[in-house]
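Student: Structure in structure tokens, see below.
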Amino acid sequence: AEHFEEHLVDYTPESNWGNWHAAAGLSGGRLNRFNTLKQSKDYDADGAYVKLWCPELSKVPAPLCFQPHTISGAERQRLGCDDYPRPLPTL
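In terms of my numbering, the sequence shown has 34 at position 34, counting the first letter as 1, and numbering is strictly consecutive.
Spelled out as structure tokens, the structure:
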């Protein structure tokens, strides 16, 4: 949590410490498992937030910008994101 306290622009102890505590499964309640793809589609339907922080995806339409690794090679070149990194393999 100290790392985020130092680096987050919107850090507040009231929300951040409690959220990290719960996310780590230490609260004794349910463990939240976020589905980032669903969250992206629900709260960033047009991909504006993704494109703000990943400008290399600026020409990629939503919802493809949420899963750029699924775009074919030719389409990646056409959209200018052919050098966007592929996801790491799951072990």
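Idealized CB from N, CA, C, for every residue including glycine. Only a predicted model underlies this, so the values are computations on that prediction, with no experimental measurement involved.
If you follow the alpha helix (DSSP H) that SER15 is part of, which residue opens it and which one closes it?
Tutor: Looking at the DSSP string, the run of the alpha helix (DSSP H) that includes SER15 is 13 to 23.
Student: Do you know whose CA, among LEU79, PRO68, GLU75 and ARG78, lies nearest PRO85's CA?
Tutor: The shortest Cα separation from PRO85 among LEU79, PRO68, GLU75 and ARG78 belongs to PRO68.
Student: In this structure, how does DSSP classify THR70 when only helix, strand and coil are distinguished?
Tutor: If DSSP states are grouped into helix, strand and coil, THR70 belongs with the helices.
Student: Secondary structure at PHE4, three-state DSSP: helix, strand or coil?
Tutor: In this structure, PHE4 counts as helix in the three-state DSSP scheme.
Student: So the alpha helix (DSSP H) ASP52 belongs to, where does it begin and stop?
Tutor: It should be pointed out that residue 52 corresponds to Leu in this sequence rather than to Asp. LEU52 -> alpha helix (DSSP H) spans 48 to 53.
Student: Counting pairs of Cβ atoms below 8 Å between the segment 10 to 27 and the segment 37 to 46, do you hit three or more?
Tutor: The segment 10 to 27 vs the segment 37 to 46: no contact.
Student: For ALA74 and ALA62, which I take to be in contact (beta-carbon distance under 8 Å), what is that distance rounded to the nearest angstrom?
Tutor: That pair is no contact at about 20 Å.
Student: Whole angstroms are fine: how far does the CA of SER72 sit from the CA of ARG78?
Tutor: Taking the straight line from one Cα to the other gives about 10 Å.
Student: Do the CB positions of GLY80 and PHE66 come within less than 8 Å of each other?
Tutor: No, Cβ-Cβ distance for GLY80 and PHE66 is not below 8 Å.
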